[in-house]
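A.B. asks: Got a structure for you, written out below as structure tokens; questions coming shortly.
2 protein chains.
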Amino acid sequence: MSVDQEKTSPRRQARGERRIAQLLEAAANVFCTTGYTASSTNAIAREAGVSPGTLYQFFPNKEAIAIELGDRLIHQMRETTGEALAAVDPSTPLEEAIGTLVDRFTAFSCQHPVFFALMHGPDIPGRLTEEHDALHAHLLGQVEALIAAFLPGAPAADVTRTAHLCLGLYKAGLELVLSHEGSERDAYVRELKNVLIRYLEPLLTEYRATADLTTTRTP
Amino acid sequence: MSVDQEKTSPRRQARGERRIAQLLEAAANVFCTTGYTASSTNAIAREAGVSPGTLYQFFPNKEAIAIELGDRLIHQMRETTGEALAAVDPSTPLEEAIGTLVDRFTAFSCQHPVFFALMHGPDIPGRLTEEHDALHAHLLGQVEALIAAFLPGAPAADVTRTAHLCLGLYKAGLELVLSHEGSERDAYVRELKNVLIRYLEPLLTEYRATADLTTTRTP
DNA sequence: GCGAAACGCGAGCGATCTCTCGTGTTTGCC
DNA sequence: GGCAAACACGAGAGATCGCTCGCGTTTCGC
């Protein structure tokens, strides 16, 4: 298990690891401004201050650069969202739960703008699409579980649809948040929270009404 | 005014007009599945069943194909949205107004899936970006006017932000609507309406409360 | 029916992009 | 110090794409 941490890769020196990090950072910048397809490997190498040959010393092809970059971002995203979602207590008010979730999620996206650019472009390589779909499915499952915790007994199809809506609405809000700065950005974060709260609140009160009805009916 | 309806274009025969329509339809298909940048002009010509040379008989370059296609779609979109938004009466219930607007907008997008693909890709040509931005600004202005009609006296910055949110939320919902079919699609349309209604309703009641307060204060 | 112009073809030019290769340099280990 | 391996270079091979050009075909006005 400890031998060869990567599949059939040459033994890396510290210098190589630094180059890889340097190349990935350059790739993030280039992808962010140009998009995946339109970005050339020569441009990435130039941005990193190395020759095209050096780039291919560490990555077999262009797709592998995006894959590695995406893998690292997805891994960080999974950790961030996992921690944030697991920390939610269904007995707390909905407003508070959504507030902290949106704050943590937006903080991550603001720190890694390339994540949004890479994952939502129409021209990303197939492998990354699969991994992003997996992340999205994972996230969807967690949100579904959370919604089910707030609304126990709701039909599965409705829970799934609501979870899809929540993620979609968050993405739309995030786009607006990322395209503004300073106090205006904060205002959009506030509005995004309002959207989610107002969309979900009625479901909660509706559920409680029917639950009360059931308990009074069966004493 | 009646002479040369296009700038310095050769006199078109009926056959040429048919070829143009045929090429634009082929381009719509190819753009829809491959995206703009990744689509090759040879692929478009092949899809249309003509030679690359024939394609360049009618379009000076690849960008012009996307421009012409985008222009026609944007024109149709402007007409559709213009009619729909102008027909809204601020005295009707919010629920009804949003219901008809969402229905009309989604109907258009379902009929022209390439519109969504062309306008929201990160790799579209500059000219189209400008026109899409113009369309978006136009749409934003109309939505702002509508919101201002429902909420007279609200601060301009808030109205603008709310309009941005509405368009963004609609876009997010549309994506979910387009990715489903049949009854599930209908369910997402219903939920999209709910999102918008629940987001906007509190603004309305809040405004009315302050308006009542003002009127009682100044008899 | 005849001439001009619009239409149609497809090989291929030039530019660009990904990726390779031969060679030279630096690093880790004895 | 010396050797093997990792690192670095950059010219260019090979492939693709946008677009052109020369020539043959169809259509229109007269």
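If you're matching them up, the sequences are chains A and B in order.
6 is the number of the first residue of the first sequence in the working numbering; add one for each residue after it.
6 is the number of the first residue of the second sequence in the working numbering; add one for each residue after it.
Glycine included, C-beta positions come from ideal geometry on N, C-alpha and C.
Helix, strand or coil: which one does DSSP assign to glycine 126/A?
C.D. replies: coil
A.B. asks: Mind checking histidine 54/A: buried by the 16 CB within 10 Å criterion, or exposed?
C.D. replies: The displayed chain sequence assigns glycine, not histidine, to residue 54/A. Glycine 54/A comes out exposed.
A.B. asks: For chain A, is any of its Cβ atoms less than 8 Å away from the one on glycine 146/B?
C.D. replies: no
A.B. asks: Pairing CB atoms from the stretch 113-123 of chain B with CB atoms from the stretch 73-80 of chain B, are three or more of them under 8 Å?
C.D. replies: yes
A.B. asks: Say whether chain B places a C-beta atom closer than 8 Å to the C-beta of glutamate 196/A.
C.D. replies: yes
A.B. asks: Decide if threonine 210/B is buried, meaning its Cβ has at least 16 other Cβ atoms within 10 Å, or exposed.
C.D. replies: exposed
A.B. asks: Indicate whether at least one CB of chain A lies closer than 8 Å to the CB of alanine 32/B.
C.D. replies: no
A.B. asks: Who are the near neighbours of leucine 60/B in its chain, counting only those whose CB is closer than 7 Å to its CB and skipping five residues on each side?
C.D. replies: Leu28, Thr46, Ile49, Ala50
A.B. asks: Would you say leucine 174/B faces chain A, with C-beta separation under 8 Å as the test?
C.D. replies: yes
A.B. asks: For valine 119/A, would you say it is in contact with chain B, using Cβ-to-Cβ distances shorter than 8 Å as the test?
C.D. replies: no
A.B. asks: Identify, in the order they occur along the chain, each residue of the same chain with its Cβ nearer than 7 Å to the Cβ of isoleucine 25/A, setting aside the five sequence neighbours on each side.
C.D. replies: Phe63
A.B. asks: Is the CB-CB distance between leucine 174/A and leucine 174/B below 8 Å?
C.D. replies: yes
A.B. asks: Do you know how far the Cα of leucine 144/A is from the Cα of phenylalanine 36/B?
C.D. replies: 30 Å
A.B. asks: Would the stretch 82-98 of chain B and the stretch 148-156 of chain B be scored as touching if the rule is three or more Cβ pairs under 8 Å?
C.D. replies: Yes: at least three Cβ pairs fall under 8 Å.
A.B. asks: Could you check whether the Cβ of aspartate 128/A sits closer than 8 Å to any Cβ belonging to chain B?
C.D. replies: yes
A.B. asks: Is it buried or exposed, serine 56/A, if we count other Cβ atoms within 10 angstroms and call 16 or more buried?
C.D. replies: exposed
A.B. asks: For leucine 181/A, which residues from the same chain have a beta carbon less than 6 Å from its beta carbon, with the 5 sequence-adjacent residues on both sides left out?
C.D. replies: When the five nearest sequence neighbours on each side are left out, the beta carbons in the same chain lying within less than 6 Å of the beta carbon of leucine 181/A are those of Tyr193, in order along the chain.
A.B. asks: Could you check where the alpha helix (DSSP H) with aspartate 108/B kicks off and where it finishes?
C.D. replies: 99-116
A.B. asks: Run the proximity test for aspartate 128/A: is its beta-carbon closer than 7 Å to any non-hydrogen atom belonging to the ligand GTP?
C.D. replies: Absent from the structure shown: the ligand GTP. Ligands present: none.
A.B. asks: On the CB-based measure, 16 or more other CB atoms within 10 Å of its CB, does glutamate 84/B come out buried or exposed?
C.D. replies: Around the beta carbon of glutamate 84/B, fewer than 16 other beta carbons lie within 10 angstroms, which makes this residue exposed.
A.B. asks: Write down every uninterrupted run of the alpha helix (DSSP H) in the stretch 35-110 of chain A whose length is 4 residues or greater and which is fully enclosed by it, in chain order.
C.D. replies: 46-53, 57-63, 67-91
A.B. asks: I need the straight-line Cα distance from alanine 91/A to glutamate 196/B, nearest angstrom please.
C.D. replies: Rounded to the nearest angstrom, the two C-alpha atoms are 27 Å apart.
A.B. asks: Which residues of chain B have a Cβ atom closer than 8 Å to the Cβ of arginine 77/A, listed in chain order?
C.D. replies: What arginine 77/A touches in chain B: nothing, since even the nearest Cβ is about 21 Å away.
A.B. asks: Would the beta-carbon of tyrosine 41/A fall within 8 Å of that of isoleucine 129/A?
C.D. replies: Contact annotation: tyrosine 41/A and isoleucine 129/A have beta-carbon atoms nearer than 8 Å.
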